Each structure stands twice: as structure tokens, then as C-alpha cells.
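Okay, structure first, notes after.
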Amino acid sequence: MPIGNLDVPVIGKNVVIAVLVQSHILFATFIIGAVLIAATSEYLGLVTKQSNYERFARNLARFVVLLFASGAALAITFVLALVTLFPVFFSVLQNVFFWVFLVEAFMFLGQIIIVYAWYNVWDKLAYRKSLHVVFGFIAGFLGLMAMTMIDAVASFMLTPAEVTSQADLVARSFLNQTMVPLNMHRFIGNFSYVGFLVAGWAGWRYLMTSREDDREYYDWMGHYGLIWGFGFLIMQPVIGYGYLKGIRESAPDSFNTIMLGDKSWVFNLLVIWIAVMSIASTAYFVHKLRFAIRPMETLRKLSVGALGFTALFTVLNIIPANANLIPQIGLVFGQGEATKIPLGSMYPWKYIGLIGLMLVGFFVIALYLRATATGFYWGRASRWSQFALMACAVTVVLTMVTMGYTRETARRVDNNPAYLINGCVKLDQSLVSEGCPTEPLTEGESK
Amino acid sequence: MTELALLLQDGNGGATAVGIFHFFVGFFLILTIYSSFLGFTYWISKDE
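This is the structure in C-alpha cells:
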């Protein structure tokens, strides 16, 4: 081995990688989503001449600039940890994805340069606002491209394509079976995640501030963040379904592990988080409609009905299929897998739940946007509505962590000792399959 | 490496005490790093 077989005391090397990557992703996703939302907001400010958009965009851009170092530092630390703790695995990845990593590095570099330039010339380009907005979108685009590159690697680890020629190595590895759905899932997720965090932060500031103008601003900001957060969240069931379908078709063992097997509780956990966000968001919308400038009692009654349906559909998603809840800690009732729970099966109940949640979500946000067009009285929101926003922000972080764990644990198909690259490289970095594009650099020319 | 494999191995996929410990340590560390970095960034920017 290039640098020997190292381990980390107490917590083990798996946890080190997981902690660094998950922490990095929480920042990286924030930065990509925040740049795109801030650029869009700046553009909306330009078009509508409403000062809130400009204030929001500039503050968010400043926060991104300051936060960039944290995200980047974690990324570098993660790569260092990976090279040190999993050297053979890293050389395998380099062998397959050298050009992808190179492109990602340059996208990252470009993103840094443009983000800093974008923030720095805010005043200088005050009279060339369109050009300035373009800076923001280019920075966001470069971030998305960097994300796309690493998504190719992450999706490849779960669904590696069989490679039979040098030409296949790049094309089929990059565009492996789950790359596009994963990328779409994360693209939408960027907006949703940042939207909920913005809303939660606004809720906190609204409760803390004593100035009337700030109360109005943070009330607006909570509403604006939640439109992003919830609006993009309700697209995720369809895209997430496409992603899972890709996993089921190309890595059925992994699909069974996370959806039907002993680890299916992670998906139950995930839908609990989605339930919290959906119900809290809809409740917020119902509350907010009371403050519409033009009274909209009918819309409000409809949204109360939508809240009831949201609760119904989310509960339908949460019900486990059988009494084998979390076998790892002994949380098993009755006969375990043999004890079926009514309304718990995937077909048709989970499909009804997910489709219903989406339809009601689109319905309620359409009602809310209708009311938004006529405006609200800002600064009058109740305390509990702000707590709902903060609950969404906390829950979206838990969702991110749970989803990251779910995707990575899907490669523990036999748990003996699980895979780094599914079906190709084991967790102990041993190569197990001849058909995989996994020959490390030390073993000469790749297939 | 064998020790690591043994830690993760459990015929029926059941969690070991070490596995559960690792899970919660990881979870705690992620949230600690995240919240402290965010808090620090807010702290250095709030007086502007």
C-alpha cells in the first residue's frame, strides 16, 4: 500500500470521512443554493424596485463570501483524510475520474473568483445592475458544475457501470445509471435547503429584534425563504422516486437494503422529517393568509383543508410496512417482518401518500402565491409561525444528514464489510470484481 | 483492517455497541462543526 494501513483511534476512519463530508456538504449546498437565490433576488429587486430583495441579496452574498472558507477548508481536509485513510480507493477513483476531478477543481476555482468579484463590485456596478446579476448567476453556474462533477463520482460509487473499453471508461462511468437523477435531486435540493434555512434564520431574527422596520423585513424574509424551501421541496418526491428507480434497476441489492431490509427505518426517518417540514410550512401559509392586504377568506379556508390533507398524506408515508422497525437496536414488535401493519405497504399507500403530498403542496403554494401577488401586512406574524419556520430550518439539516447516511449505507449490501464502490471495491479496499473499472494506478494500464 | 471489518460485520446486520457509539459520535460532530462554523461566520459579520 502507498502509505500503509492507518486507522483512527476511538471513532474509526469511517466516521472521520463521514463527518468531514457531511459537514462539507452542509456548507457546499448552502453556498451553491445561496448564490443562486441571492442572484435571483437581486434580479427581482432590479425588476420590481422593491428594496427588500436588494437588501436580502446583498446580505446573503456577504454571508456566502464569509462562509466560503469553512466549506473549502472542510473539502480540503476531507480529501487529505481520504488520501491518508483510503489510499488504494482514492487511486482507483483517480484512475477513473482524473479528468472529472480536474474539471471540478477548475470549476471550484472559477466559482471562488466570481463569487468574490460579484460581492466586491456590488457598489461599483450599481448602475450596471444587469451585468452584476450575471456575475451572480455565473458564480452559481460554476458551483452547479462543480456539484455535477462530484455527483458523477458519488453516483458511480453506488452504481458503477461495467466498462469494456477505454472509451467506455469516461462516458459510462461519468453518465452512470444514477448520475442524472442524483444531480437533479441535488439541484432542486440546493434551493429547498437554503430556502428553509433562510426562513428559519428570519424567524429567529424576527423574534429577537425590537425595531419595527426590522420586524417587517424579517417577516418578509421568512415568507420569501419558505416559498423557496417549500416550493422546491414538493418537487422532490418525483425526482427522488426517479433516483430510487435508478438504484432499484441497477443496484437492486442496495435498493432492498435501504427500502425493504434492516435499514429501511432510515427512510421512515426521512419521511418523518418531510412530514414536519410540510405540515409546518402549510400551517405557516394558513396563518399568513390572515394578513393578506386584500382579505381572502375563501383561499384561507381552502388552505386549511390543504393542511388537513397534508397531515393525512404525510402520516400515510410514515406508517412502517411491518413491525420490524429498527432491528439493529431490538425495536421489533410481534412477529417482526411477518407482522404487517395496515396502510404500511409501498403499493399503493406510499405512492398515494407521495403523490397526494405533491398535489396538495402545489395547490397550497398556488393559493399562497395568489395571495402574495396582492401583498401582506408585514411585521404582524405570531410567535408560533416563526417557530414553525425555525422547525423547518432544523429539520432540513436533519434531512440532509439522514439522506447522506442513507445513500452511503446502501452500499452495505452484505455488511461483510460493505463496499466503497458497489460490487467492486470492499471497505477494506480489496478489489473483488474483474469487470469493474477499478484497477488502481499501481497495477498499470486500465481496461 | 481485519478489526475494522469485524466491527462492521454482524451476520444479521445488527448494530454493535461500537457501531451505535460511532453513529452518535458522527452525528454529534457533524452538528457541532456545522453550528460552530455558522456561528463563527455570523459573529465575524454581525457588526458590519
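In the order they appear, the protein sequences are chains A and B. Numbering-wise (numbering that gives the first Met the number 0), the first sequence opens with residue 0 and increments by one. Numbering-wise (numbering that gives the first Met the number 0), the second sequence opens with residue 0 and increments by one. By construction, the Cβ of each residue, glycine as well, lies at the ideal position given by its N, Cα and C atoms. If you're wondering where the values come from, they're calculated on a predicted model, not measured in any experiment.
Asked, Found
"C-beta neighbour in chain A for GLY38(B), strict 7 angstroms", "no"
"Nearest-angstrom beta carbon gap, ALA322(A) and VAL331(A) [assumed within contact, 8 angstroms]", "6 angstroms"
"Of the residues GLY374(A), VAL132(A), MET144(A) and ASP427(A), the one placed nearest ASP218(A), counting alpha carbons only", "GLY374(A)"
"Counted within 10 angstroms of its Cβ, other Cβ atoms place ASP261(A) as buried (16 or more) or exposed", "buried"
"Minimum C-alpha distance to TRP227(A) - residue among GLY360(A), PHE26(A), LEU426(A) and GLN428(A)", "GLY360(A)"
"Three-way DSSP call (helix, strand, coil) for ILE238(A) in this model", "helix"
"Top-ranked residue by Cα proximity to THR394(A), from THR297(A), ALA372(A), VAL270(A) and VAL363(A)", "VAL270(A)"
"DSSP beta-bridge partners of LYS425(A)", "TYR418(A)"
"Closest residue to PHE173(A) among LEU157(A), GLY188(A), ILE187(A) and PHE186(A) (Cα-Cα distance)", "LEU157(A)"
"Proximity below 7 angstroms, CB of SER302(A) to CB of LEU366(A)", "yes"
"Within chain A, the residues that PHE26(B) reaches when beta carbons sit closer than 8 angstroms", "VAL400"
"Within chain B, partners of SER69(A) - CB distance below 7 angstroms", "PHE36 and THR40"
"Under 7 angstroms by beta carbon: chain B residues contacting ALA17(A)", "GLY25"
"Cα-Cα separation, VAL9(A) to THR39(A)", "46 angstroms"
"Opposing strand residues paired with LYS339(A) [DSSP bridges]", "ASN321(A)"
"Residue burial classification, MET345(A) (beta-carbon count within 10 angstroms, cutoff 16)", "exposed"
"Presumed contact (8 angstroms Cβ cut-off) between LEU388(A) and ALA201(A), rounded CB distance", "7 angstroms"
"Minimum C-alpha distance to PHE231(A) - residue among GLY221(A), TYR192(A) and ILE24(A)", "TYR192(A)"
"Contact with chain B by LEU259(A), beta-carbon distance below 7 angstroms", "no"
"SER50(A) to MET220(A) span [Cα, whole Å]", "12 angstroms"
"Proximity of GLU103(A) and ILE75(A) at Cβ, strictly below 7 angstroms", "no"
"Option nearest THR371(A) by Cα separation, candidates ARG289(A), LEU141(A), TYR418(A) and LEU73(A)", "ARG289(A)"
"Top-ranked residue by Cα proximity to VAL46(A), from MET183(A), SER129(A) and MET178(A)", "SER129(A)"
"Extent of the continuous alpha helix (DSSP H) run through TRP98(A)", "86 to 119"
"LEU65(A) at chain B interface by Cβ criterion, 7 angstroms", "yes"
"Rounded C-alpha distance that separates PHE516(A) from TYR418(A)", "Residue 516(A) cannot be examined here, being either before or after the span of chain A that is shown, 0 to 446."
"Cβ pair VAL363(A), PHE312(A) closer than 7 angstroms", "no"
"Rounded straight-line distance, which links the Cα of PHE134(A) to that of HIS184(A)", "25 angstroms"
"For ALA125(A), three-class secondary structure by DSSP", "coil"
"6 angstroms Cβ shell around PRO319(A) - same chain, five flanking residues per side excluded", "ASN267, ILE340 and GLY343"
"Residue closest to ILE19(B), alpha-carbon to alpha-carbon, out of GLN21(A), LEU19(A) and GLY11(A)", "GLY11(A)"
"Simplified DSSP assignment, three categories, for ALA291(A)", "strand"
"C-alpha distance - TRP117(A) paired with SER432(A), whole-angstrom precision", "48 angstroms"
"CB contact below 7 angstroms: SER44(B) versus chain A", "yes"
"Backbone CA spacing between LEU430(A) and PHE88(A) [nearest angstrom]", "9 angstroms"
"Whole-angstrom distance between HIS131(A) and LEU124(A), CA atom to CA atom", "6 angstroms"
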